[in-house]
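Trainee: Just dropping this structure here.
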Ligand code: SF4
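The structure is reproduced here in structure tokens:
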């Protein structure tokens, strides 16, 4: 039996690599092709129970059912925006909640998944950053978000073409689970997100960048937001550790595949990082790095310290980059009516729990509310 299969902690079927699944199946005296059948039911047909896997022998299904726990998270909330953006607040077995967002476009559908519950990096413009860190997600919890959301999206006649690890958390502080999940997402005979269809987004954990190329070879996105240390130190406090110069050096050394670019995420914040001077400094920073810049006008959330810039300012910023030959895309702020900014739904839930705890302490037990209505 594999290491994974002999662990005393519960074994989740979506936490198994192909090799570990084959070993598990063999250790039960089944033929190796049963592992391929199981893989296919999970990742091609997106089955949500062992019972539904009708061409597997009944005894095998029964053993799976008795041995392995359910693999999908529970939907705590679901919201659909007027612009088609969908958001799930998913509850994990220990009660932690994470967010998964589907952003449909004309040609594609992008799924934004979480890799941690909460985040320790405390970026000042990010709602998740205000909530602190709870724990790393496991491989099966990362894969489970994709299986659940893809199944729901496809059942509604839409599609998921891309996955971005850009939701809650810093993926490169959870490398083992993130890389294991990435390999499952990219498996050509399963979910089959090719290396151009999967993007790992980091705030810039510089020592781990080469591992992204080595372990997954998928797209790399870096949250930049400013190329001035005094500004980025506030927006992305991790910058105090590596600095802009360190980030540029790491990007120049990153082993990009042919015809690939580093994606730079740049949230435009009114009066903070959206001036012509900021744009020109950004051009200097990018010199010599094959790049694509995603400009995202800030999506305000209640209590945030920042504002969205005027559209005219955002367009001017983009134009300066384009004039300098940079690929710069101005993104829509999507799903504003369903609190789609990263961490907002979870924040509302935590806020309600904190209010509930306070109220219990004060003796107002009768106003406990378990279900949160997001306004
Ligand atoms: S922007 Fe990303 S890295 Fe920064 S606090 Fe939010 S989730 Fe964490």
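Residue numbers (the numbering used here): 1 to 375.
Backbone N, C-alpha and C fix where the C-beta goes; we use that ideal spot for every residue, glycine too.
Take residue 325 as the anchor and find which of 225, 289 and 141 has the nearest alpha-carbon.
Mentor: Along the chain shown, read from residue 1 onward, the residue named residue 325 stands at position 325. It is 289 whose Cα lies nearest to the Cα of residue 325.
Trainee: Near residue 65, what residues of its chain come up, given a Cβ to Cβ distance below 6 Å and the 5 sequence neighbours on each side ignored?
Mentor: For this step, residue 65 is matched to residue 65 along the chain shown. Closer than 6 Å at Cβ, skipping near neighbours: 50.
Trainee: Leaving out five residues before and five after residue 15 in sequence, what residues of the same chain have Cβ atoms less than 7 Å from its Cβ?
Mentor: One-based indexing of the chain shown puts residue 15 at position 15. Excluding sequence neighbours, residue 15 sits near 138, 139 and 140.
Trainee: How long is the line joining the alpha carbons of residue 304 and residue 274, rounded to whole angstroms?
Mentor: If you number the chain shown from 1, residue 304 lands on position 304. If you number the chain shown from 1, residue 274 lands on position 274. Between residue 304 and residue 274, the C-alpha separation is close to 17 Å.
Trainee: Among the candidates 231, 74 and 214, whose CA atom is the shortest distance from the CA of residue 48?
Mentor: For this step, residue 48 is matched to residue 48 along the chain shown. Per the Cα distances, 74.
Trainee: Let me make sure I understand the geometry here. Which of 112, 276, 96 and 68 has the alpha-carbon closest to that of residue 383?
Mentor: Any answer about residue 383 is impossible in this case: the structure gives the chain only from 1 up to 375.
Trainee: Which partner residues of residue 116 appear in the DSSP bridge assignment?
Mentor: Here the question's residue 116 lines up with position 116 in the chain shown. BP columns for residue 116 point to 136.
Trainee: Could you have a look at residue 221 and say whether DSSP puts it in helix, strand or coil?
Mentor: Taking the first residue of the chain shown as position 1, residue 221 is located at position 221. Correct three-state label for residue 221: strand.
Trainee: Got a list of residues with beta-carbon closer than 5 Å to any non-hydrogen atom of the ligand SF4, in chain order?
Mentor: In chain order, the qualifying residues are 119, 121, 123, 126, 128, 129, 170 and 203.
Trainee: Count the CB pairs spanning the region 165 to 176 and the region 202 to 218 that are closer than 8 Å, and state whether there are at least three.
Mentor: Touching, per the Cβ criterion.
Trainee: Going by other Cβ atoms of all chains shown within 10 Å of its Cβ, with 16 needed for buried, is residue 143 buried or exposed?
Mentor: To locate residue 143, count along the chain shown from 1; it is residue 143. Under this definition residue 143 is a buried residue.
Trainee: Using CA coordinates, which residue listed in 42, 46, 225 and 30 is at the minimum distance from residue 155?
Mentor: For the purposes of this step, residue 155 is taken as the residue at position 155 of the chain shown. Among 42, 46, 225 and 30, the Cα nearest to that of residue 155 belongs to 46.
Trainee: Helix, strand or coil, according to DSSP, for residue 58 in the structure here?
Mentor: The count along the chain shown starts at 1 and reaches residue 58 at position 58. If DSSP states are grouped into helix, strand and coil, residue 58 belongs with the helices.
Trainee: Taking the alpha carbon of residue 272 as the reference point, which residue from 292, 185 and 314 has its own alpha carbon closest?
Mentor: Residue mapping note: residue 272 aligns to position 272 of the chain shown, counting from 1. Of 292, 185 and 314, the residue nearest in Cα terms is 314.
Trainee: Do you know how far the Cα of residue 37 is from the Cα of residue 99?
Mentor: Residue 99 sits at position 99 when you count from the first residue of the chain shown. Residue 37 sits at position 37 when you count from the first residue of the chain shown. Approximately 30 Å between the Cα atoms of the pair.
Trainee: Have a look at residue 97 and residue 90 and give me their C-alpha separation to the nearest angstrom.
Mentor: Taking the first residue of the chain shown as position 1, residue 97 is located at position 97. Taking the first residue of the chain shown as position 1, residue 90 is located at position 90. Their Cα atoms are separated by approximately 5 Å.
Trainee: How do the region 253 to 262 and the region 226 to 239 stand: do at least 3 beta-carbon pairs fall below 8 Å, yes or no?
Mentor: The region 253 to 262 is not in contact with the region 226 to 239.
Trainee: In whole angstroms, what is the alpha-carbon distance linking residue 331 and residue 105?
Mentor: Here residue 331 is taken as the residue at index 331 of the chain shown, counted from 1. Here residue 105 is taken as the residue at index 105 of the chain shown, counted from 1. When rounded, the distance between both Cα atoms is 12 Å.
Trainee: Using the beta-carbon count (16 or more within 10 Å), is residue 128 buried or exposed?
Mentor: Along the chain shown, one-based indexing puts residue 128 at 128. With 16 or more Cβ atoms within 10 Å of its Cβ, residue 128 is classed as buried.
Trainee: How big is the Cα-Cα spacing for residue 54 and residue 176?
Mentor: The residue given as residue 54 occupies position 54 in the chain shown. The residue given as residue 176 occupies position 176 in the chain shown. Cα-Cα distance, rounded: 33 Å.
Trainee: Which residue's Cα is closest to the Cα of residue 244: 280, 279, 224 and 21?
Mentor: For the purposes of this step, residue 244 is identified with residue 244 of the chain shown, where counting begins at 1. Here the closest residue by C-alpha is 224.
Trainee: What does DSSP give as the partner residue(s) for residue 110 in the beta ladder?
Mentor: Here residue 110 refers to the residue found at position 110 of the chain shown. In DSSP, residue 110 forms a bridge with 103 and 162.
Trainee: So, using beta-carbon positions, are residue 226 and residue 261 closer together than 8 Å?
Mentor: In the chain shown, residue 226 corresponds to position 226, counting from 1. In the chain shown, residue 261 corresponds to position 261, counting from 1. Cβ distance not < 8 Å, so residue 226 and residue 261 don't count as in contact.
Trainee: Measuring CB to CB, does residue 17 end up less than 8 Å from residue 183?
Mentor: Sequence index remark: in the chain shown, residue 17 carries index 17 (1-based). Sequence index remark: in the chain shown, residue 183 carries index 183 (1-based). Their beta carbons are under 8 Å apart, which means residue 17 touches residue 183 by this criterion.
Trainee: Does the beta-carbon distance from residue 308 to residue 270 come in below 8 Å?
Mentor: As a first step, residue 308 is located in the chain shown; it is residue number 308 there, counting from the start. As a first step, residue 270 is located in the chain shown; it is residue number 270 there, counting from the start. Yes. Within cutoff.
Trainee: Any chance you could list the beta strand (DSSP E) runs of at least 3 consecutive residues sitting entirely within the region 224 to 279, in chain order?
Mentor: List check, beta strand (DSSP E) in window: 262 to 268.
Trainee: With distances taken from CA atoms, which of 148, 23 and 187 is nearest residue 92?
Mentor: The count along the chain shown starts at 1 and reaches residue 92 at position 92. Nearest option by C-alpha distance: 148.
Trainee: Straight-line CA distance for residue 133 to residue 185?
Mentor: Indexing the chain shown from 1 puts residue 133 at position 133. Indexing the chain shown from 1 puts residue 185 at position 185. Between residue 133 and residue 185, the C-alpha separation is close to 25 Å.
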